[in-house]
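J.: Using UniProt numbering, read the sequence shown as starting at 1 and increasing by one per residue. All C-beta atoms in this analysis are idealised placements derived from N, C-alpha and C, irrespective of residue type, glycine included. Following this message is one structure expressed as structure tokens.
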Amino acid sequence: MRRRFVRARKPEEKEVRRQAILKAAREMLGEVETSELSLNELARRSGVSKPNIYRYFESREEVLLQVWIEEVREFGEQLRRSLATIEVGDSRAVASAIVAGFGTRPILCELTSICASVLERNLSADAIVNVKQTLATLIMNIAGLLRERLPALDLEDCAWVANVAAVYVAGIWPAVHPPAHVAEVLKRPEFAAMQPDFEKDFTRYLNVLFAGLQKR
């Protein structure tokens with residue numbers, strides 16, 4: 001006998017459903033391309049019917065944006081642990097920690113790469129404001145972590161680094177993970193210079209940023 005659906009009414013019950021949807025979405029993103037994540041399959045995996053998903057999120061894009069926010073939050077916690085072991089003033093070690101943090105979170109990188117171009121296109125102004133407010137807080141938390149390790153930089157510099165690091169990831173991630181037929185073409189020797197290296201290039205980019213900021 002099929003279990004009768006019971007609508008969540010209390011705030012804590014609604015949060016349980018919301019987290020179930022986000023958890024299922026993150027699991028799916030570990031298996032399929034972002035473009036292939038469907039609300040039908042999300043409903044099946046989360047146990048929340050497709051019509052009821054819209055009670056918690058405006059759209060598929062908002063689901064993905066909220067997953068992205070959680071990824072940013074967890075990246076910040078991961079960075080906190082990494083930076084705690086780094087000597088104050090060692091900007092190269094800080095750069096390596098940032099790169100390693102992104103490199104171990106492919107979902108974060110993938111969603112960062114489509115945030116502005118895809119995910120924010122199908123949202124209301126209120127939903128965007130909510131996301132931006134949360135993101136602003138997370139960025140300032142990350143900026144504070146950077147400032148503790150690099151006291152030669154002010155908080156504004158560190159917030160700028162946190163922002164432009166994400167912008168760099170948004171650009172390089174699709175280039176490092178092109179479609180299969182493009183990847184095959186890029187294997188040709190004459191195109192060797194057109195193959196970016198995520199870890200090497202991102203680290204170099206951050207080292208240049210830090211060096212320039214510290215020499216002002």
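#1: Let me know the secondary structure DSSP gives Arg-17 once reduced to three states.
#2: Should Val-72 go down as buried or exposed, given a rule of 16 or more other Cβ atoms within 10 Å for buried?
#3: Less than 8 angstroms separating the beta-carbons of Arg-45 and Glu-27?
#4: Any idea what DSSP makes of Arg-89, helix, strand or coil?
#5: In the structure shown, what three-state DSSP assignment does Gly-212 receive?
#6: Assign Phe-102 to buried or exposed, taking buried as 16 or more other Cβ atoms, counted over all protein chains shown, within 10 Å of its Cβ.
#7: Quick check on this structure: which residue in Ser-38, Ala-136, Pro-11, Arg-216 has the alpha carbon closest to the alpha carbon of Gly-76?
#8: Specify, as a first and last residue, the run of the alpha helix (DSSP H) that Cys-158 falls within.
#9: Per DSSP, what kind of secondary structure is Ser-124 in: helix, strand or coil?
#10: Which residue comes first and which comes last in the alpha helix (DSSP H) that contains Gly-76?
#11: Between which residues of its own chain and Glu-15 is the CB-CB distance below 7 angstroms, once the five residues before and five after are set aside?
T.: In brief:
#1: Under the three-state reduction of DSSP, Arg-17 is assigned to helix.
#2: The residue is buried, with at least 16 neighbouring Cβ atoms inside 10 Å.
#3: It is a contact, given that the beta carbons lie within the stated cut-off.
#4: Position check: residue 89 holds Gly in this sequence, whereas Arg was assumed. Correct three-state label for Gly-89: coil.
#5: helix
#6: buried
#7: Ala-136
#8: 155 to 176 is the span of the alpha helix (DSSP H), which, as asked, contains Cys-158.
#9: coil
#10: 60 to 83
#11: none
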